[in-house]
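S.K.:
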Amino acid sequence: MKRRIKTTFCLLAAAICFLFPLKGQAADSYEWVMDSVNARIQYVNTTTGEPLKSQFKKIKGYIYYFDKNGYAATGFTKIDGFYYYFDSTGAMLRSEWRADRYFLYNGRMAVNQYVKSATGYTYVGKDGTPVENYSKSRPAKFIKDSVGFRYRNLDGTYSRKTWQCIKGSWYYFYSSGYMARRTKLGMYYVGTNGKMVTNRWIKIGNYKYYYGADGRMTKKVRIKSSSTGSSGNTIVDIN
């Protein structure tokens, strides 16, 4: 009986907090600020005066990227191994051509794949520019040897020290030209097949990491053994 009363009380308390939130819990507000010295813009917290840093942010339907100093990126920008393009206002280009290169819906520059163009579909190479007279007679493909996998491009060169989108999946190739497998690469992780992991939890040692839709790690938790000695584990969020 006591347990039932306690449960009912907790539910009522939660409902009251939901309907009548405490003062001071309002979401932080931000405003655009122009740095007159560097002639660049920042998105600043009106309470703390601190700008957003090292992150993407969707603001009124547009996506922006703020660097480690809090400045909005403009022009061609390399972020975690991928190229993006941001216009003069800082807004990221999506599903659009710019400077003879095509930027996908996620903002990344398309490489080694077909993309939409005014004439139908155009094939772009490893540098993002259109490949003239593209022919499938010598298709780009993976080459396997005793060491691992490499990727031979249309021009006969091998991908090195770069991320590359191949048939809709992202792979990373070391400076040696060999494909990365089952390893962390900055904020990303590639599986045994070399593909960038998305929308999945991955356990590495005593931690579990969650990689979102764009492949970036969004959550990290520590797996802690139960002090009672049971076989189960207690997951502690350390974010």
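Quick note: the sequence shown uses my numbering, first residue 416, plus one each step.
A virtual CB, placed ideally from N, CA and C, is assigned to each residue, including glycine.
Because the structure is a prediction, the values reported are computed rather than measured.
Take G485 and list the residues in its own chain whose beta-carbon comes closer than 7 angstroms to its own, dropping the five residues that flank it on each side.
M.R.: Closer than 7 angstroms at the Cβ level, and outside the excluded window around G485, lie Q457, P466, L467 and K468.
S.K.: Could you compute how far the alpha carbon of K634 sits from the alpha carbon of M602?
M.R.: So the alpha carbons of these two residues sit roughly 10 angstroms apart.
S.K.: Measuring alpha carbon to alpha carbon, tell me which of D570, T534, R565 and G620 ends up nearest R596.
M.R.: Closest by alpha carbon: R565.
S.K.: So, for N521: in the same chain, excluding its five sequence neighbours on each side, which residues have a beta-carbon less than 8 angstroms away from its beta-carbon?
M.R.: Correct list, in chain order: R509 and D629.
S.K.: Tell me which residue opens and which closes the beta strand (DSSP E) that Y486 is part of.
M.R.: No beta strand (DSSP E) holds Y486; DSSP gives it neither H nor E.
S.K.: Taking the straight line between their C-alpha atoms, what separation do you get for K610 and F471?
M.R.: Going by the C-alpha atoms only, they are around 23 angstroms apart.
S.K.: So, at 6 angstroms on beta carbons, what are the nonlocal neighbours of M524 in its own chain, with the 5 sequence-adjacent residues on each side left out?
M.R.: Closer than 6 angstroms at Cβ, skipping near neighbours: Y498, R516, F518 and G543.
S.K.: Closest to R575 by C-alpha separation, out of L569, Y587, I478 and I581, would be which residue?
M.R.: Among L569, Y587, I478 and I581, the Cα nearest to that of R575 belongs to Y587.
S.K.: Taking its Cβ as the centre, do 16 or more other Cβ atoms sit within 10 Å of Y604, making it buried, or is it exposed?
M.R.: Flag for Y604 reads buried.
S.K.: Using a threshold of 8 angstroms, state whether the C-beta atoms of Y479 and A514 are closer than that.
M.R.: Against a cut-off of 8 angstroms, the Cβ pair of A514 and Y479 comes out as no contact.
S.K.: Among K582, Y622 and G583, whose alpha-carbon lies nearest the alpha-carbon of K599?
M.R.: Considering only alpha carbons, the answer is Y622.
S.K.: Hey, out of R455, Y593, V459 and G476, whose CA is closest to T489's CA?
M.R.: Looking at the Cα atoms, R455 is the closest of the given residues.
S.K.: Short check: CB of I581 to CB of N614, under 8 angstroms?
M.R.: No, Cβ-Cβ distance for I581 and N614 is not below 8 angstroms.
S.K.: Of all the beta strand (DSSP E) runs that stay within the bounds of the stretch 592-621, which reach a length of 3 or more residues?
M.R.: The qualifying runs are 598-600, 603-605 and 615-619.
S.K.: For T461 and D443, what's the separation of their Cα atoms in angstroms?
M.R.: Spanning the two alpha carbons is a distance of roughly 8 angstroms.
S.K.: Provide the residue span of the beta strand (DSSP E) that contains G535, from first to last.
M.R.: G535 -> beta strand (DSSP E) spans G535 to V539.
S.K.: In whole angstroms, give me the CA-to-CA distance for R567 and Y593.
M.R.: Computed Cα separation, rounded: 11 angstroms.
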